[in-house]
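Residue numbering for the sequence shown follows UniProt numbering, beginning at 1 and increasing consecutively.
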Amino acid sequence: MLLIFCYKNLIFFFHKLSQKKKHLDIHFINMVTLLDSMSALGDLGWEAYPAEGWEEISVMDERNTPMRTYQVCNVMEANQNNWLRTSHIPRDGAQRVYIEIKFTLRDCNSLPGVPGTCKETFNMYYYESNNSNLWFIKESQYIKIDTIAADESFTQVDVGDRVMKLNTEVRDISNLSKKGFYLAFQDVGACIALVSVRVYYKKCPVTVLNLAEFPDTVTGGDSALVEVRGTCVNNSQEFDTPKMYCSADGGWLVPIGRCVCNPGFEERNDICQPCRPGFYKASAQDAYCMKCPLHSYSHQDKATECVCERGYYRAETDPRAMACTRPPSAPENPITTINETSVTLEWSPPRESGGRGDVTYSLHCRKCAADSRECGPCGSGLHFVPRQFGLAYTKAQVTDLLPHTSYTFDIEALNGVSDLSPSPKQYISVNVTTSQTVNVILKERKTKDSITLAWQGPERANGAIVEYEVIYYEKNQRDQNYTVLKTKSNSMTVDGLKPGTTYVFRVRARTDGGYGNYGGEIELETSHEDMLAIGDPNQPTILAVSIAGGIVLLIFLVACFVVSGRHCGYIKAKQDPDEEKMQFQHGRVKLPGSRTYIHPHTYEDPNQAVRDFAKEIDASAIRIERVIGAGEFGEVCSGRLKLPSKREIYVAIKSLKAGYSEKQRRDFLSEASIMGQFDHPNIIRLEGVVTKCKPVMIITEFMENGSLDTFLKKHDGQFTIIQLVGMLRGIASGMKYLSDMNYVHRDLAARNILVNSNLVCKVSDFGLSRVLEDDPEAAYTTRGGKIPIRWTSPEAIAYRKFTSASDVWSYGIVMWEVISYGERPYWEMSNQDVIKAIDEGYRLPAPMDCPVVLHQLMLDCWEKSRSDRPKFGQIVNTLDKLIRNPSSLKQLANSSVWQDPTTPEFSVNTVEDWLDAMKMTQYKENFSNAGYVTLDSVLYISVSELGKIGISLAGHQKKILSSIQSLQTQGAHVQV
Numbered sequence: 001m002l003l004i005f006c007y008k009n010l011i012f013f014f015h016k017l018s019q020k021k022k023h024l025d026i027h028f029i030n031m032v033t034l035l036d037s038m039s040a041l042g043d044l045g046w047e048a049y050p051a052e053g054w055e056e057i058s059v060m061d062e063r064n065t066p067m068r069t070y071q072v073c074n075v076m077e078a079n080q081n082n083w084l085r086t087s088h089i090p091r092d093g094a095q096r097v098y099i100e101i102k103f104t105l106r107d108c109n110s111l112p113g114v115p116g117t118c119k120e121t122f123n124m125y126y127y128e129s130n131n132s133n134l135w136f137i138k139e140s141q142y143i144k145i146d147t148i149a150a151d152e153s154f155t156q157v158d159v160g161d162r163v164m165k166l167n168t169e170v171r172d173i174s175n176l177s178k179k180g181f182y183l184a185f186q187d188v189g190a191c192i193a194l195v196s197v198r199v200y201y202k203k204c205p206v207t208v209l210n211l212a213e214f215p216d217t218v219t220g221g222d223s224a225l226v227e228v229r230g231t232c233v234n235n236s237q238e239f240d241t242p243k244m245y246c247s248a249d250g251g252w253l254v255p256i257g258r259c260v261c262n263p264g265f266e267e268r269n270d271i272c273q274p275c276r277p278g279f280y281k282a283s284a285q286d287a288y289c290m291k292c293p294l295h296s297y298s299h300q301d302k303a304t305e306c307v308c309e310r311g312y313y314r315a316e317t318d319p320r321a322m323a324c325t326r327p328p329s330a331p332e333n334p335i336t337t338i339n340e341t342s343v344t345l346e347w348s349p350p351r352e353s354g355g356r357g358d359v360t361y362s363l364h365c366r367k368c369a370a371d372s373r374e375c376g377p378c379g380s381g382l383h384f385v386p387r388q389f390g391l392a393y394t395k396a397q398v399t400d401l402l403p404h405t406s407y408t409f410d411i412e413a414l415n416g417v418s419d420l421s422p423s424p425k426q427y428i429s430v431n432v433t434t435s436q437t438v439n440v441i442l443k444e445r446k447t448k449d450s451i452t453l454a455w456q457g458p459e460r461a462n463g464a465i466v467e468y469e470v471i472y473y474e475k476n477q478r479d480q481n482y483t484v485l486k487t488k489s490n491s492m493t494v495d496g497l498k499p500g501t502t503y504v505f506r507v508r509a510r511t512d513g514g515y516g517n518y519g520g521e522i523e524l525e526t527s528h529e530d531m532l533a534i535g536d537p538n539q540p541t542i543l544a545v546s547i548a549g550g551i552v553l554l555i556f557l558v559a560c561f562v563v564s565g566r567h568c569g570y571i572k573a574k575q576d577p578d579e580e581k582m583q584f585q586h587g588r589v590k591l592p593g594s595r596t597y598i599h600p601h602t603y604e605d606p607n608q609a610v611r612d613f614a615k616e617i618d619a620s621a622i623r624i625e626r627v628i629g630a631g632e633f634g635e636v637c638s639g640r641l642k643l644p645s646k647r648e649i650y651v652a653i654k655s656l657k658a659g660y661s662e663k664q665r666r667d668f669l670s671e672a673s674i675m676g677q678f679d680h681p682n683i684i685r686l687e688g689v690v691t692k693c694k695p696v697m698i699i700t701e702f703m704e705n706g707s708l709d710t711f712l713k714k715h716d717g718q719f720t721i722i723q724l725v726g727m728l729r730g731i732a733s734g735m736k737y738l739s740d741m742n743y744v745h746r747d748l749a750a751r752n753i754l755v756n757s758n759l760v761c762k763v764s765d766f767g768l769s770r771v772l773e774d775d776p777e778a779a780y781t782t783r784g785g786k787i788p789i790r791w792t793s794p795e796a797i798a799y800r801k802f803t804s805a806s807d808v809w810s811y812g813i814v815m816w817e818v819i820s821y822g823e824r825p826y827w828e829m830s831n832q833d834v835i836k837a838i839d840e841g842y843r844l845p846a847p848m849d850c851p852v853v854l855h856q857l858m859l860d861c862w863e864k865s866r867s868d869r870p871k872f873g874q875i876v877n878t879l880d881k882l883i884r885n886p887s888s889l890k891q892l893a894n895s896s897v898w899q900d901p902t903t904p905e906f907s908v909n910t911v912e913d914w915l916d917a918m919k920m921t922q923y924k925e926n927f928s929n930a931g932y933v934t935l936d937s938v939l940y941i942s943v944s945e946l947g948k949i950g951i952s953l954a955g956h957q958k959k960i961l962s963s964i965q966s967l968q969t970q971g972a973h974v975q976v
């Protein structure tokens with residue numbers, strides 16, 4: 001009776017359900033249905049036992065489509081155990097499936113006369129099996145999924161009011177592994193109608209992301225994420241392995257990696273489409289096809305590069321985005337300066353560079369005897385400074401020429417595509433003739449305080465005579481006082497001399513081709529009274545003096561006096577109005593037009609200093625790509641600079657942060673005013689500034705490897721000693737240039753040296769306000785500012801006396817940093833301890849594997865008296881000799897003091913003794929704090945343990961482990 005009651009009400013319920021079917025029958029794109037009882041066209045055919053338990057009935061929806069369901073309502077009898085088992089459900093590869101059941105349940109209290117055994121719940125089970133035709137499964141073999149209770153139950157009153165309560169429950173099964181499974185429903189005494197059973201699993205649908213296609217993917221079991229590798233779409237390739245994770249809910253998570261379109265294709269609408277004619281894409285890393293650069297073309301699609309027009313070329317190393325270029329025109333305006341057997345050649349760059357910035361110059365030489373027209377190659381006897389081929393600058397010197405010989409020098413301009421052009425190379429020729437001996441007749445007239453000289457011009461001068469130069473000094477006093485006089489006439493009166501004193505005179509002529517040789521020394525003595533020195537005035541003494549016409553600037557003439565370092569005085573002398581007097585003081589000659597550093601603060605208007613020394617750049621020519629750091633005034637970025645008619649280059653961009661004061665703006669731009677005065681391959685190059693719009697920027701060349709200290713730490717032990725000396729030579733060369741310009745750096749340290757991709761080191765950081773280090777211990781506050789104690793000379797710390805000699809001290813510290821691969825000078829000593837130790841004579845020991853000659857050069861730089869330290873020019877010469885003679889670097893400074901503590905002649909008793917023997921005393925506290933207090937305890941220490949106790953330098957780890965291995969191998973007896 002109860003079953004009939006349920007049946008009638010189910011007919012009504014399904015009529016209502018079919019009206020809402022369009023709302024319940026939702027299609028989920030990420031779900032795959034394995035079983036849906038409501039979609040069955042015929043009997044479900046599920047197994048029910050006992051037979052009087054679950055009953056299959058059929059109802060019709062509004063479209064007269066039969067809908068199958070099961071119900072049971074044996075509530076009048078106790079101890080019910082009615083089972084309903086589905087047919088075999090294949091899992092289709094799913095590890096986790098979901099069971100959605102819809103059912104109605106009668107409230108036991110609404111059934112009069114029903115015993116207390118009536119239930120309002122039923123149980124759901126499953127059984128995994130590879131067999132799809134099982135006819136019987138034991139109850140004990142089932143695995144229980146859950147006990148299902150109704151959230152809503154109905155009563156007889158509800159039915160009368162035509163209200164039907166439908167319950168929906170969803171459960172899941174995880175970690176399925178067999179071909180399929182059976183579901184079972186157990187009734188233990190309830191009045192239930194099982195309206196529908198739907199079994200499904202979730203998947204992540206096929207999708208395309210970052211040009212990678214990810215297939216339909218079944219979710220994992222136990223809510224685990226399934227890693228899926230994507231497949232690149234057509235005409236693309238992997239840039240970084242594309243991956244995504246399929247979540248348990250059927251959603252894609254955490255996209256990683258991507259594909260990129262092949263060369264000749266670009267991304268459009270999630271596919272790779274070919275480049276159009278006139279466009280190209282050379283690299284898969286490029287995002288889009290680009291228009292063919294200047295002087296090139298592409299007539300077909302899918303172009304990976306554009307072909308150069310006739311007469312234009314592209315070198316192998318040129319990026320495909322670079323315009324096609326052509327060879328340069330010939331150099332212009334050659335100038336020669338001859339001095340005896342050497343010549344200095346100068347010229348102007350070619351008018352047409354061919355569209356490239358890599359113009360270099362080569363010198364080709366032919367020689368002809370002075371009395372013959374026969375010419376031939378110059379041979380290998382000449383020396384070209386800095387080199388004969390591949391010159392980057394428009395100046396060179398040629399030495400060791402033969403005297404009385406004519407030479408022809410062809411100055412050839414080349415660039416990166418010169419070898420690709422069939423056209424003849426472009427050059428300009430200059431002819432020079434080495435010095436010719438001429439005779440000058442020297443006449444003299446003397447009084448007690450003056451001497452009058454007269455001479456006859458050379459008979460065969462090497463060009464028109466521009467002027468004569470006379471140098472004189474008291475006999476035996478040349479190194480103390482000497483004077484140089486110049487005149488355009490053939491005579492000169494020198495007065496203000498001491499009576500009865502012997503003076504030495506020398507004369508030379510300067511022609512269009514340069515200076516000749518000084519003639520021989522002429523000794524003349526002033527008289528004690530006003531009278532002729534020798535004979536009648538009309539019969540002057542005639543002395544033959546040999547003077548040569550040649551080349552070389554006056555600075556070479558006085559080089560010997562500069563090197564001597566002695567102080568020279570100045571003696572007054574009467575001279576003609578056309579005469580020019582040069583004064584030598586402190587070993588240096590002041591030449592007209594000589595270049596000296598000008599401090600920006602000497603300008604009344606600091607903005608004028610910027611205009612004088614820095615080129616203004618249009619902000620539109622700059623493309624900022626990424627932030628690489630932060631400076632005192634704002635961000636530091638890398639980017640590209642493209643000036644008209646020039647190749648695009650990488651640059652570093654310092655920007656002034658917003659909200660700056662006028663003083664901050666002046667301080668920021670003062671670095672550009674300083675940097676713009678320098679032009680040297682080992683000084684960071686200023687490209688220009690942006691001041692006419694915001695943000696204000698300073699543009700410099702980009703140094704790929706960053707600061708020297710960080711670079712060395714990353715590549716600990718990876719360079720040869722010659723490479724390290726080459727780096728030091730570059731730094732010294734840059735500092736020599738600054739010293740010659742009278743610029744004192746004040747903060748020379750490895751952190752302020754930048755390294756490019758070719759390992760060229762360049763001095764940087766010319767800001768007036770410096771951020772020394774993050775470590776507050778790095779700066780020692782004195783009256784007037786902060787000083788980087790570990791790099792600063794004693795006199796600069798004590799008296800703020802900064803000179804080129806104090807920069808030399810700092811350079812010695814930089815040498816130590818380079819050889820030790822960026823180790824911190826003086827290790828963990830405090831600044832006060834460093835100052836005290838230096839004052840007491842302590843100097844840094846040689847780093848590991850440091851050649852003796854380099855450590856000695858460091859010690860020379862750290863001489864207490866600044867006058868005893870070498871000049872930067874001497875340092876450059878010393879390093880040049882070491883590079884030319886690598887064998888001089890073989891003897892190591894620590895090879896003579898290091899002795900293996902395992903040798904019979906040497907024994908150690910403590911860990912401290914052992915570290916002392918290896919020159920590793922700075923690690924005593926590291927070992928002690930880590931508990932390594934006896935030699936026994938260090939015998940089996942590992943490299944990872946060394947890192948944990950603070951010994952991170954690879955070279956130091958290697959040395960310590962090598963010593964430990966020796967101790968282990970020889971079985972040394974440790975004395976406690």
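For glycine and all other residues, C-beta sits at the position ideal for the given N, C-alpha and C.
Check	Outcome
Ends of the beta strand (DSSP E) at Asn167?	167-173
Going by the DSSP bridge assignment, what does Tyr280 pair with across the sheet?	Met290
Excluding the five sequence neighbours on either side, which residues of its own chain have a C-beta within less than 8 Å of the C-beta of Glu817, listed in chain order?	Leu708, Asp709, Leu712, Ala749, Ala750, Glu823, Pro825
For His23, name the three-state secondary structure that DSSP assigns.	For His23, the predicted structure reports a pLDDT of 40, less than 50, and the residue's modelled location is therefore unreliable. A value from the coordinates is still provided. Of the three classes helix, strand and coil, the one that applies to His23 here is helix, per DSSP.
Assuming contact is defined by CB atoms lying nearer than 7 Å, are Ile101 and Glu169 in contact in what I supplied?	yes
Spell out a yes or no on whether the stretch 129-148 and the stretch 279-289 are touching, meaning 3 or more CB-CB pairs, one atom from each, closer than 8 Å.	no
In the DSSP output, which residue or residues are listed as bridge partners for Val430?	Phe409
With DSSP collapsed to three states, give me the class of Arg623.	strand
Who are the near neighbours of Met40 in its chain, counting only those whose CB is closer than 7 Å to its CB and skipping five residues on each side?	The residue you asked about is not Met; residue 40 is Ala in the sequence shown. Once the five neighbours on either side are set aside, the close Cβ partners of Ala40 are Arg68.
Can you tell me the Cα-Cα spacing of Gly500 and Arg508, whole angstroms?	26 Å
With H, G and I counted as helix, E and B as strand and the rest as coil, what does DSSP make of Gln397?	strand
Select from Leu111, Asn130, Leu453, Ser110 the residue whose C-alpha is nearest the C-alpha of Asp92.	Asn130
If the criterion is Cβ atoms closer than 7 Å, does the pair Ser810 and Trp791 meet it?	yes
If you draw a straight line from the alpha carbon of Gly53 to that of Cys73, how long is it in whole angstroms?	8 Å
In terms of alpha-carbon separation, which member of Asp187, Ala652, Gln677 lies closest to residue 979?	Only positions 1 to 976 of the chain appear in this structure, which leaves residue 979 out of reach.
Starting from Arg314 and walking both ways along the beta strand (DSSP E), at which residues does that stretch end?	Premise fails: Arg314 is in no beta strand (DSSP E) and is neither H nor E.
What does Phe505 pair with, by DSSP beta-bridge criteria?	Tyr472, Ile522
Return the Cβ separation of Ile875 and Met918 in integer angstroms, given the expectation that the two are a contact with Cβ distance under 8 Å.	At roughly 30 Å, the Cβ-Cβ gap does not stay under 8 Å, so Ile875 and Met918 are not in contact.
DSSP three-state label for Leu671, please.	With the sequence shown as reference, residue 671 is identified as Glu, and Leu is not the correct amino acid for it. In the structure shown, Glu671 sits in a helix (DSSP, three-state: H, G or I).
What are the start and end residues of the beta strand (DSSP E) that includes Glu635?	635-641
In whole angstroms, give me the CA-to-CA distance for Cys365 and Pro334.	15 Å
What does the Cβ neighbour count give for Cys693, buried or exposed, with the cut at 16 atoms within 10 Å?	exposed
Suppose contacts are defined by Cβ-Cβ distances below 7 Å. Is Thr336 in contact with Val398 by that definition?	no
For Ser491, tell me which candidate among Ala454, Glu474, Tyr468 has the shortest Cα-Cα distance.	Ala454
Tell me whether the beta-carbon of Arg666 lies closer than 7 Å to the beta-carbon of Leu879.	no
Counting C-beta neighbours from all protein chains within 10 Å, is the total for Ser764 16 or more, i.e. buried, or is it exposed?	buried
Please state whether DSSP places Gln957 in a helix, a strand or coil.	helix
Unbroken alpha helix (DSSP H) runs of length 4 or more, entirely within the stretch 824-872: which are they?	831-839, 852-861
Taking 6 Å as the limit between beta carbons, can you name the residues of its chain near Pro695, skipping five residues before and five after?	Ser655, Leu656
State the CB to CB distance for the pair Phe122 and Ala190, rounded to an integer number of angstroms; the pair is presumed to be in contact (CB under 8 Å).	6 Å
Cβ of Ser757 versus every heavy atom of the ligand FMN: is any distance shorter than 6 Å?	In the structure shown, the ligand FMN is absent, as is every other ligand, since no ligand is present at all.
Just the Cα atoms here: how many angstroms apart are Arg387 and Ala396?	8 Å
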